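I have placed the structure first, in the form of structure tokens, so that the comments after it can refer back to it.
Numbering (mature numbering (1 follows the signal peptide of the UniProt record, and there is no 0)), first residue to last: -32 to -1, 1 to 593.
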């Protein structure tokens, strides 16, 4: 006669133990099932301490599938100023002098081939001097790429990217190295081809991968001669976003677009789930339909940019060149709504324009019937000079058409614009604090890290040729120091020997030693207003700490470029992918620690803890029995 095994009989006589074991098995299956789906699981991973540094814990969000996008840049069209692109050579008419045609402009009145395929006579604004080229290659492009590389996650390419041959359109005018076609580009999720040909800046997608995600694109960009690299970095990042897929036609094909009636006219909006959600949160309008796009011409062609009226200071605003160009949750959400991107939430930059303004900010006119603005920080009604909404400079009120295409009945919107070029002729229009020469105005401290701070109204006298002009001013350019750990702002104006703390929501009185200044009070800004974008264009917004990354090497020069590791061939790697000079033993131990904290298969620490507790209880019961 068969006998029941002793072990089973033991369990059968102990129902509590059997129940606990059943619970333990079910919990394990549930955990495995939860993390085995299509959506990438996430967990909090402790950052490994750098060798020789303290073990203060920092954390990063890690996904079991998607990773930060790896963007490599190719700058062949900047290295050689001769036409080495076959498509360009073939497009030159018989009788033209090939030797006189260049990739970019170096001298006025030279002839270069523009990105439209036509010959272009070079002028000052189209020149790419050696100095500008160095800044473009070593600072602007890496920093602009990094803004995307630390905010977008993708399914990483497991094999080299095989770049197809571009035979027509603007993409055919970029030089693609032969080895990009075969064997391909290793350890990359996207390749950006950079040129600086005359004819205007743009970004364009050149090839999509199997998933439909862009894998190659082109950027044509000539930096504007500014003391600060901020406006150039942010403009380049704007155009790179288009190359990465921020495009109306792409959004339309993905079902992200709707048409609505607002302010008495029909508008096109990005109405996909995350974009709508983040727009509702930003404007504090629970039934907002989405984010409006602009129109670009009288043919009612929809622009691949946010409506400047609603998002003037956003990275993808149609007025990005005249504003702060913040990489906010709005643009991150649009990428997140594309099936092949995920946003790295926590990296979004704040923007004051329209923030928590309510539905009327979107749905009603910029001014009331009485000509008054209900949103004075955005729309203006007077001629005095004051800080622009992004605080990068002093600006005058300009009236800008809301929509030339549909003749928006709300009319034009008067706003303070802060172009990054100088306008010092009468009347004084605007000037960025970083570009103004020291001593131009009494009390101003300009240059790097200079921002506009609000003051009481005062009279500013300045010379305009042989005449003296008096302006009504309510702002001053001052040096700003950001204390990130305590989220405090310190300021220094002309006549002050050291920085002075400026508490948020408070004000400081001008010292008696600066009695000659016309303003007496500086009103302290919110921390995020002046401590979001650095003068070099990088992000000062508190970031999710990345896994350790190596020292940078940029064009052979050693140095740390914020958040970027670039080699002499301009490979830009997100900092989370690099190990750097860490002690390998510590790295192995750290990996074991991470595996323990998040679960061996990417399970969250909470699931692993539950598993351990159930096992412990079971062991206690067994021992007691």
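Even glycine gets a Cβ: it sits at the ideal position worked out from N, Cα and C. On a predicted model such as this, the values are computed, not experimentally measured, just so you know.
Residues near residue i by beta carbon distance below 8 Å, same chain, minus five either side
| i | result |
| --- | --- |
| residue 75 | 90 and 95 |
| residue 214 | 272, 284, 299, 302 and 303 |
| residue 195 | 402, 403, 415 and 416 |
| residue 443 | 353, 354, 355, 362, 420, 421, 422 and 423 |
| residue 318 | 294, 296, 496, 500 and 509 |
| residue 249 | 297 |
| residue 479 | 463 and 464 |
| residue 92 | 76 |
| residue 145 | 42 and 44 |
Where the alpha helix (DSSP H) through residue i begins and ends
| i | result |
| --- | --- |
| residue 461 | Counting along the chain, residue 461 falls outside any alpha helix (DSSP H), and DSSP gives it neither H nor E. |
| residue 200 | 198 to 211 |
Beta-carbon proximity list for residue i, same chain, < 7 Å, skipping 5 on both sides
| i | result |
| --- | --- |
| residue 5 | Residue placement at residue 5 cannot be trusted, given a pLDDT of 37 that sits under 50; what the coordinates show is reported in the next sentence. Cβ neighbours of residue 5 beyond the five flanking positions: none. |
| residue 413 | 445, 446, 447, 460, 461 and 462 |
| residue 258 | 226, 237, 238, 239, 243, 244 and 247 |
| residue 475 | 489, 490, 491 and 492 |
| residue 503 | 196, 198, 402, 416 and 417 |
| residue 560 | Note on residue 560: pLDDT 36, under 50, position unreliable in the model; the coordinate value appears next. Cβ neighbours of residue 560 beyond the five flanking positions: none. |
| residue 477 | 488 and 489 |
First through last residue of the beta strand (DSSP E) which encompasses residue i
| i | result |
| --- | --- |
| residue 40 | 39 to 42 |
| residue 217 | Here residue 217 belongs to no beta strand (DSSP E); instead the alpha helix (DSSP H) covers 216 to 221. |
| residue 88 | 87 to 89 |
| residue 451 | 435 to 451 |
| residue 80 | 79 to 81 |
| residue 347 | Counting along the chain, residue 347 falls outside any beta strand (DSSP E), and DSSP gives it neither H nor E. |
| residue 193 | Unbroken run through residue 193: none, as it is neither H nor E. |
| residue 400 | 398 to 400 |
| residue 361 | 361 to 363 |
Beta-carbon proximity of residue i to residue j, cut-off 8 Å
| i | j | result |
| --- | --- | --- |
| residue 260 | residue 278 | yes |
| residue 281 | residue 294 | yes |
| residue 157 | residue 38 | yes |
| residue 238 | residue 225 | yes |
| residue 129 | residue 309 | no |
| residue 325 | residue 343 | yes |
| residue 88 | residue 79 | yes |
| residue 269 | residue 276 | no |
| residue 197 | residue 108 | yes |
| residue 251 | residue 330 | yes |
| residue 456 | residue 467 | no |
| residue 291 | residue 337 | no |
| residue 207 | residue 170 | yes |
| residue 487 | residue 407 | no |
| residue 365 | residue 253 | no |
| residue 82 | residue 165 | yes |
| residue 132 | residue 35 | no |
Chain-order list of residues whose beta-carbon lies under 6 Å from that of residue i (same chain, five-residue window excluded)
| i | result |
| --- | --- |
| residue 255 | none |
| residue 334 | 347 and 381 |
| residue 349 | 341 |
| residue 313 | none |
| residue 186 | 139, 142, 161, 172 and 174 |
| residue 409 | none |
| residue 84 | 167 |
| residue 418 | 401, 402, 445 and 447 |
| residue 134 | 140 and 174 |
| residue 471 | 492 |
| residue 316 | 296, 297 and 300 |
Open item on the list: Give the list of continuous alpha helix (DSSP H) stretches no shorter than 4 residues that lie fully inside the segment 99 to 181.
Closed with: 109 to 117
TODO: Say whether the segment 107 to 119 touches the segment 195 to 211, bearing in mind that this needs 3 or more beta-carbon pairs closer than 8 Å, one atom from each stretch.
DONE: yes
Open item on the list: Could you check whether the segment 445 to 462 touches the segment 489 to 503, counting it as contact only if at least three pairs of C-beta atoms, one from each stretch, sit closer than 8 Å?
Closed with: yes
TODO: Please specify which runs of the beta strand (DSSP E), each continuous and at least 3 residues long, are wholly inside the segment 474 to 507, giving them in chain order.
DONE: 475 to 477 and 489 to 491
Open item on the list: Extract the residue ranges of the beta strand (DSSP E) inside the segment 229 to 261, only unbroken runs of 3 or more that lie entirely within it.
Closed with: 233 to 238
Task: Whole runs of the alpha helix (DSSP H) within the segment 254 to 340, excluding any shorter than 4 residues - done: 276 to 279, 297 to 304 and 328 to 331
TODO: Evaluate contact between the segment 148 to 156 and the segment 171 to 182, counting only Cβ atoms and requiring at least three cross-stretch pairs below 8 Å.
DONE: no
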